[in-house]
Structures are given as C-alpha cells and as structure tokens.
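Asks:
2 protein chains.
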Amino acid sequence: MHPLLKEYFKFHANADDKILERLSPYFVEKTFKRNEYLLREGEVCKHNYFIISGCMRLFTTNKEGIENTRYIAFEGKFGTSFTSLITGLPAFENIQCLEKTTVLIIHKDDFYDLVESEPSINKIYRHILESAYITTQRRIYDFQGTDSLERVQWLLKNQPKILSRISNKVVASYLGITPHTLSRLKSKL
Amino acid sequence: MHPLLKEYFKFHANADDKILERLSPYFVEKTFKRNEYLLREGEVCKHNYFIISGCMRLFTTNKEGIENTRYIAFEGKFGTSFTSLITGLPAFENIQCLEKTTVLIIHKDDFYDLVESEPSINKIYRHILESAYITTQRRIYDFQGTDSLERVQWLLKNQPKILSRISNKVVASYLGITPHTLSRLKSKL
DNA sequence: GTAAAACGTTGACATAGGACAACCTTTTTT
DNA sequence: AAAAAAGGTTGTCCTATGTCAACGTTTTAC
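As you go down the protein sequences, you meet chains A and B in turn.
Under the UniProt record's numbering, the letters of the first sequence match residues 1 to 189, in that order.
Under the UniProt record's numbering, the letters of the second sequence match residues 1 to 189, in that order.
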C-alpha cells in the first residue's frame, strides 16, 4: 500500500499493517493528465479517489456556462463526488485534475462493502464525512456576508497553497467572483 | 421511544423494536420556549437534539452583528452543532428555537459510545452525516452565482415550509440578503 | 388595554462588483 | 520557432443590492 494512504489510515483509524495489506488490492493506481476529467456532470460517480500527487477540483457549470469551483484537493486527501456516490444519482459536478495527478482508485461497491465489514474503513469513512462536512460548513460560514477582498484574505490565510498553485481563473471561480475582480483585488494587497 | 424517532430509526437503520427499547433511555424529552437558546456561540456543544415538534435554527453572528442563518430544522430531524460536537471545540454558531419546541436530547458521550457499539446508531450517524453533507452542498451549489430573486424562488420550490412558518427576518438571514431586499422581492412574485 | 418594542414595507441614494472591451503576456500546438 | 489560444490586467460603464430613513402594522410586556 502506498505510504501516503498508509499514513492516512494509521492516523485516522489506527489501522495495523495486517489490515492495510488486506485493503491494499482494492486501491488501483492511475495517473491522469493535467486538465483531464475523472468525472463529468451527468455521469454517476462510481469511484473514490485518494490523491498521491497533483491536485483536482470539483466544479459545476451554471446555465450561463459560468464555472463554480467548490472543492480543491491536494495530495494526501480523498476526493470524489460524495453526493453522487452516496445517492447513486448522476453528479451535478465535474471532477478535473489541475495538474498531472496520480490517484489510488477504489470502486464504490468495494468501498461501501468495506464500510460495512471492516471497522477501520468504517472509521475512515466517518472521518471523511465529518471533515467534508466541517470544511463545507466553514466555507459557507466564512464566506457568507463577506466582500470579495475579505475572501481573498481568507484564502491567503487558510489555504495559501490554492493561491500559489492554482490559476487565477480557477481561484476566482472558487471565491465566487470574476477573474477581473480577483485581479484587481490582488493588486490591492 | 417516541414514535417519530422510532420511525426515523426504522427508516434509516432498519432497527427492530428490541434495539429501540434499549436505546430509548438515552433520549430525554424537554420543551423549550419560542426564541430560547439550546446553544450559544462560544459554548462547547454537548448534545444532539431530535425535534419532536416545533423548529430550530443554527445561526452565526458576524463582527458587525449581522445574523446568518445556516440551517433550519423542523420536527422529525436531528439538529445540533455537528462541528462542535465532532471537534469538541467551542461552537461558532447559536442554536435557537423559532417556535415552542420539544426535543429528545442525547448526550454526545452516550451518542458516540453508541456509534461505536451499536450498529444501528452507527448507521444513523452515517446517515445524518451524509444528509447533512448533501444538504450543505446543495445549498452552496444552488446559491452560488444566483441573484436574490432566484434564491427566493429556490426556497419557494425546495423548502416552502420555511417561507410559510418562519419570519421574514430569519428567512432573509438564511438567504444571505437583507429583510428589505426580501420584502421587495416578495412583492415581485 | 395601553405603551413599547419589534417587524415589515417602501422610497431615495450609494457602491461593490459584474459586463464588455482592449491589450499584453504566457502557454500550448504544430 | 511561429502561430494560435488561453489567461491576466486594466479601463469604462451599469446594475443589483446594501444603507439610511420614514412610517405603518403586528407582537410583546406590564
């Protein structure tokens, strides 16, 4: 099993080596090109991805074609369309690599079987859900009732990696502003 | 055990009557007045609440004193500050009853012990986390890049109960607009 | 039942940030 | 290496929504 995933399991579920060896075959490594899609809006999401290197984003497109980035994940994190994975309904979001990205892929059927049968995966899943929830909540909480300057400052303080590694266009769509506004704001700082 | 909670357990965890009788003593009934607080910002949240009748909201207050309602729950739902419950850190949100409200209260220690030891509660918790996550995601997704008229229409379509049972002031703070704007928009519909 | 407070509506005005456009720079393609 | 495409910056203008204010109505408190 890849050391990054091992670390994740040890840290969040106290899993021992024996269990990890048993789980290892469920995770298949694959590398995607920069800008390549792991999932497109309208498809049913069938996999959970653990990022070994690179990064990906979840984004939606509204009726005017404007992109809205909702989550950006780097190496060492799980990322997928949980809403589609959980409900089995078509995703309303896309998953796209922002850099050349290597992931470990587990199929949802295996994943949910293991959630039921294997306590360490049950714990990991609980952890993933809890932190996904908390992250989402924090983002709503921190963004609601703030102007765009405050949002950029928030990003600088809380997720500086996003500002340094990700293009302005994507950052703007993550902050809910236009690239123009972001550009103007950056010159103010 | 109260029939509403029973129904919840049967529906989401297939729990049988024997288990429900065992779980029953952990849930204590209590009634709160309209506007009464179950939790104040800065306190550590120690309980999970299941609403039997009435409704409550979670809201935050920003530095200018502006309220921001993030979740409104009616009878038949669990509600608490999960972020504080999970992390054990002080909550940044308030929980307040919007009507005279009767809840079943379970202490977080009991709750998390049961999550570990009792599969039906484990399943319930998973379900709560999953739906909390999905609800939050949907709200972000549906609100981002929409103007306030679209938000009101969204509410009318997706949560009409909120518009009919809850005061304009609270609804406005849920939509992230001022009561003035909401008032103007309502006259347009 | 009366006073006080909170809430809701509407108007006039101010402003943050989007739309459009031009231009420059960087990246990608061949 | 040249051409094309994408991304970034900056200017002007416009619109949606917040702010301030006045006033009427409903709810709460004594």
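Don't be surprised by glycine CBs; every beta carbon is placed ideally from N, CA and C.
Remember, it's a predicted structure, so these values are computed and weren't measured experimentally.
For the alpha helix (DSSP H) containing GLU7/A, name the first residue and the last one.
Replies: Segment 3-13, the alpha helix (DSSP H) holding GLU7/A.
Asks: At the 9 Å Cβ level, is THR80/A part of the contact set with chain B, yes or no?
Replies: Not closer than 9 Å to any Cβ of chain B, the Cβ of THR80/A fails to qualify, so no.
Asks: Listing by chain order, which chain B residues have their CB less than 8 Å from the CB of ALA132/A?
Replies: Under the 8 Å cutoff, chain B gives TYR133.
Asks: Our contact map puts LEU175/A next to ARG138/A with C-beta atoms below 8 Å; I'd like the distance itself, whole angstroms only.
Replies: Rounded, the Cβ-Cβ distance is 14 Å, inconsistent with contact.
Asks: Hey, out of GLU67/A, ILE106/A, TYR49/A, whose CA is closest to GLU78/A's CA?
Replies: The sequence shown places Phe at residue 78/A, not Glu. Of the candidates GLU67/A, ILE106/A, TYR49/A, the one whose C-alpha sits nearest the C-alpha of PHE78/A is TYR49/A.
Asks: Which stretch, first to last residue, makes up the beta strand (DSSP E) that contains ILE166/A?
Replies: Segment: none, ILE166/A is in no beta strand (DSSP E) and carries neither H nor E.
Asks: Between the C-alpha atoms of LYS157/B and LEU163/B, what's the straight-line distance to the nearest angstrom?
Replies: Their Cα atoms are separated by approximately 10 Å.
Asks: Please name the residue in ASP16/B, SER187/B, GLU41/B whose C-alpha comes closest to that of GLU67/B.
Replies: Out of ASP16/B, SER187/B, GLU41/B, GLU41/B has the C-alpha closest to the C-alpha of GLU67/B.
Asks: Quick one: what's ARG70/B bridged to in DSSP?
Replies: Paired residues: none, contrary to the question.
Asks: Going by DSSP, name the residue or residues bridged to ARG57/A.
Replies: Answer is ILE72/A, GLN96/A.
Asks: Measuring CB to CB, does TYR141/B end up less than 9 Å from THR60/A?
Replies: Taking 9 Å as the Cβ cut-off, TYR141/B and THR60/A qualify as a contacting pair.
Asks: Contact between the stretch 120-140 of chain A and the stretch 12-31 of chain A is defined here as three or more beta-carbon pairs at a separation below 8 Å; is this criterion met?
Replies: The stretch 120-140 of chain A vs the stretch 12-31 of chain A: in contact.
Asks: Whose C-alpha, out of GLU116/B, THR83/B, ASP147/B, is nearest the C-alpha of THR181/B?
Replies: Residue ASP147/B is the option with its Cα nearest to THR181/B.
Asks: Using DSSP with H/G/I as helix, E/B as strand and the rest coil, what is GLU43/B?
Replies: It is coil, neither helix nor strand.
Asks: Let me know the secondary structure DSSP gives PHE27/A once reduced to three states.
Replies: Looking at PHE27/A - three-state DSSP - the assignment turns out to be coil, as it is neither helix nor strand.
Asks: Candidates TYR71/A, GLU43/A, GLU7/A, LEU149/A: which alpha carbon is nearest LYS186/A's?
Replies: Out of TYR71/A, GLU43/A, GLU7/A, LEU149/A, LEU149/A has the C-alpha closest to the C-alpha of LYS186/A.
Asks: Classify GLY65/B: buried if its beta carbon has 16 or more other beta carbons within 10 angstroms, exposed otherwise.
Replies: Classification of GLY65/B: exposed, given that the 10 Å Cβ count is below 16.
Asks: Going by DSSP, what residues sit across from ARG50/B in a beta bridge?
Replies: As written in the sequence, residue 50/B is Phe, which differs from the Arg given in the question. Paired residues: PHE78/B, LEU104/B.
Asks: Do ILE51/A and VAL103/A count as a contact pair if the criterion is CB distance below 9 Å?
Replies: Against a cut-off of 9 Å, the Cβ pair of ILE51/A and VAL103/A comes out as a contact.
Asks: Would you list the one or two residues that DSSP bridges to TYR125/B?
Replies: Answer by DSSP bridge pairing: none, since TYR125/B is not bridged.
Asks: I want to verify the contact list: residues of chain B whose CB lies under 8 Å from the CB of PHE92/A, in sequence order.
Replies: Correct list: TYR141.
Asks: Residues of chain B with CB closer than 8 Å to the CB of GLY88/A, please, in chain order.
Replies: Simply none; closest approach about 12 Å.
Asks: List the residues of chain A whose Cβ lies closer than 9 Å to the Cβ of residue 255/B, in chain order.
Replies: Residue coverage of chain B in this structure runs from 1 to 189, which leaves residue 255/B outside it and unanswerable.
Asks: With 9 Å as the threshold, decide whether the Cβ of GLY76/A is near any Cβ in chain B.
Replies: No, its Cβ sits nowhere closer than 9 Å to a Cβ of chain B.
Asks: State buried or exposed for LEU98/A, treating a residue as buried only when at least 16 other CB atoms are found within 10 Å of its CB.
Replies: Buried, because 16 or more other Cβ atoms sit within 10 Å of the Cβ of LEU98/A.
Asks: Could you tell me which of LEU5/B, ARG22/B, HIS2/B, LYS6/B sits nearest to GLU118/B, measuring between CA atoms?
Replies: Selected option, being the one with the closest Cα: ARG22/B.
Asks: Compare the C-beta of ARG70/B with all C-beta atoms of chain A and state if any pair is closer than 9 Å.
Replies: For ARG70/B, the answer is yes, since a Cβ of chain A falls inside 9 Å of its Cβ.
Asks: Using 9 Å as the threshold, is the C-beta distance between HIS47/A and ILE106/A below it?
Replies: Yes, they are a contact pair.
Asks: When you compare only the Cα positions, how much space is there between GLU75/A and ARG184/B?
Replies: Taking the straight line from one Cα to the other gives about 47 Å.
Asks: Between ILE95/B and LEU58/B, which are expected to be in contact by the criterion C-beta below 8 Å, what is the C-beta distance as a whole number of angstroms?
Replies: Right, their Cβ atoms sit about 6 Å apart.
Asks: Since VAL44/B and PRO90/B should fall inside the 8 Å C-beta cutoff, what is the C-beta to C-beta distance between them, to a whole number of angstroms?
Replies: Indeed they touch by this definition, with Cβ atoms about 5 Å apart.
Asks: Select from THR69/A, PRO3/A, ASP109/A, THR136/A the residue whose C-alpha is nearest the C-alpha of TYR26/A.
Replies: Answer by Cα proximity: ASP109/A.
Asks: Tell me, please, whether the CB atom of VAL115/B is closer than 9 Å to any CB atom in chain A?
Replies: Answer yes: the Cβ-Cβ gap between VAL115/B and chain A drops below 9 Å somewhere.
Asks: Cβ of ILE128/B within 9 Å of Cβ of PHE82/B?
Replies: Yes, the Cβ-Cβ distance between ILE128/B and PHE82/B is below 9 Å.
Asks: Bridge partners of TYR37/B, per DSSP?
Replies: Looking at the DSSP assignment, TYR37/B forms a beta bridge with GLN96/B.
Asks: Measure the alpha-carbon distance for ARG70/A versus LYS18/B and round it to whole angstroms.
Replies: Whole-angstrom Cα-Cα distance: 43 Å.
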